[in-house]
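*Asks:* Take 184 as the starting number for the sequence shown in the numbering used here and just add one per residue.
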Amino acid sequence: MKRYHVLDEIRGLTLISMILYHASWDMVYIFHRNWIWYESAVGYVWQQSICWTFILLSGFCWSLGREKLKRGGMVFGGGMLVTTVTLLFMPQNRVVFGVLTLLGSCMLLMIPLHKILKKVHPLIGLGISAVFFVVFREITNGFLWYIGADGWKRYRMPDCLYRNYITAYFGMPHDSFFSTDYFPVFPWIFLFLIGYFLYRIAEKKALFKYLLPQRLKAAGWIGRHSFPIYLLHQPIVYTALSVYHFLAEILMDG
């Protein structure tokens with residue numbers, strides 16, 4: 184099989200951006216740096232650019248994988264590992280239903296869904312997925328968007344649907360739910376589907392030749408090893424920052 188190096192490079196660059204973002208998160212919330220910009224719109228756009236790229240790219244690449252059940256189970260298991268580790272060692276910063284859990288869930292759900300979705304015209308599927316992503320965008324806050332006579336309006340979801348961890352997994356968290364990295368099935372599966380249908384469009388238009396050239400070898404290498412790097416980056420970053428602050432304090436005291 185041909186290697187689409189551009190996809191690896193995009194994934195690698197996004198992973199580098201994510202590592203820098205998480206290092207900034209550690210500096211602000213663990214080492215208490217007063218970085219106002221991080222909590223502003225700039226930080227939000229940065230965070231959203233990372234997760235959107237990962238989810239879209241994962242949906243795009245789903246059709247390229249051969250061992251879909253194994254890959255989806257491995258990514259989902261990685262998400263459960265992150266949850267377990269943070270609950271044990273950093274409960275105040277726990278990750279429940281984080282991005283790995285979402286990606287693994289989408290990969291597994293696509294196995295049966297593909298039998299239906301492959302019959303949908305990719306442009307129609309892309310449009311419907313985009314609309315549903317907008318409709319469900321604020322489900323975690325208790326709302327759905329819909330189009331009324333005078334434009335977009337918000338529909339208040341029944342409070343009884345926001346009950347437990349099962350509903351939280353699907354995007355309806357209960358009052359006591361907390362996670363520092365929360366990506367439920369809804370609305371994010373629709374962004375994954377946008378990536379899936381973009382693949383179908385690229386396949387139909389014979390656009391894959393543009394994804395073959397290799398330009399950024401280092402980023403491509405990181406992209407090809409994104410899963411273990413993702414699992415290991417936060418402990419390494421936290422340790423490095425802890426050592427830095429420890430040595431800085433010694434130098435200042437000296």
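By construction, the Cβ of each residue, glycine as well, lies at the ideal position given by its N, Cα and C atoms.
#1: Entirely within the region 355-435 and at least 4 residues each: give me those alpha helix (DSSP H) ranges in chain order.
#2: Note the first and the last residue of the continuous beta strand (DSSP E) segment covering residue 339.
#3: If we call anything under 8 Å between Cβ atoms a contact, is residue 199 one with residue 236?
#4: Please name the residue, chosen from 281, 241 and 426, that lies closest to residue 260 on a Cα-to-Cα basis.
#5: Looking at the unbroken beta strand (DSSP E) that takes in residue 329, where does it start and where does it end?
#6: Mind checking residue 404: buried by the 16 CB within 10 Å criterion, or exposed?
#7: Determine the closest residue to residue 212 out of 285, 370, 327 and 273, with distance taken between C-alpha atoms.
#8: Relative to the C-alpha of residue 141, which candidate in 355, 376 and 398 has its C-alpha closest?
#9: Roughly how many angstroms lie between the CA atoms of residue 124 and residue 432, to the nearest whole one?
#10: Starting from residue 305, trace the alpha helix (DSSP H) in both directions and tell me its first and last residue.
#11: Could you check whether residue 227 and residue 207 sit closer than 8 Å to each other, using their CB atoms as the reference points?
#12: Distance check for residue 289 and residue 244, CA to CA, integer angstroms please.
#13: Could you have a look at residue 276 and say whether DSSP puts it in helix, strand or coil?
#14: With H, G and I counted as helix, E and B as strand and the rest as coil, what does DSSP make of residue 246?
#15: If you draw a straight line from the alpha carbon of residue 238 to that of residue 435, how long is it in whole angstroms?
#16: Taking C-alpha atoms, which residue in 277, 391, 371 and 286 lies nearest to residue 417?
#17: Roughly how many whole angstroms lie between the Cα atoms of residue 264 and residue 297?
#18: Report yes if the CB atom of residue 311 is closer than 8 Å to the CB atom of residue 340, and no otherwise.
*Replies:* According to the structure shown:
#1: You should have 368-387 and 400-407.
#2: For residue 339, the enclosing beta strand (DSSP E) starts and ends at 334-339.
#3: Taking 8 Å as the Cβ cut-off, residue 199 and residue 236 do not qualify as a contacting pair.
#4: Closest option to residue 260, Cα to Cα, is 281.
#5: Per DSSP, residue 329 belongs to the beta strand (DSSP E) from 326-331.
#6: Exposed.
#7: Nearest option by C-alpha distance: 273.
#8: Lying before the first or after the last residue shown, residue 141 is absent from the chain, which here runs from 184 to 437.
#9: Summary: the structure shown does not reach residue 124, with the chain confined to residues 184 through 437, and so no result is reported for it.
#10: Per DSSP, residue 305 is one residue of the alpha helix (DSSP H) stretching across 305-318.
#11: Taking the C-beta atoms as reference points, residue 227 is found no nearer than 8 Å to residue 207.
#12: Between residue 244 and residue 289, the C-alpha separation is close to 12 Å.
#13: If DSSP states are grouped into helix, strand and coil, residue 276 belongs with the helices.
#14: Annotated three-state conformation of residue 246 is helix, per DSSP.
#15: So the alpha carbons of these two residues sit roughly 43 Å apart.
#16: Nearest Cα to residue 417 within the set 277, 391, 371 and 286: 277.
#17: Spanning the alpha carbons of residue 264 and residue 297 requires a straight line of approximately 27 Å.
#18: 8 Å or more divides the Cβ of residue 311 from the Cβ of residue 340.
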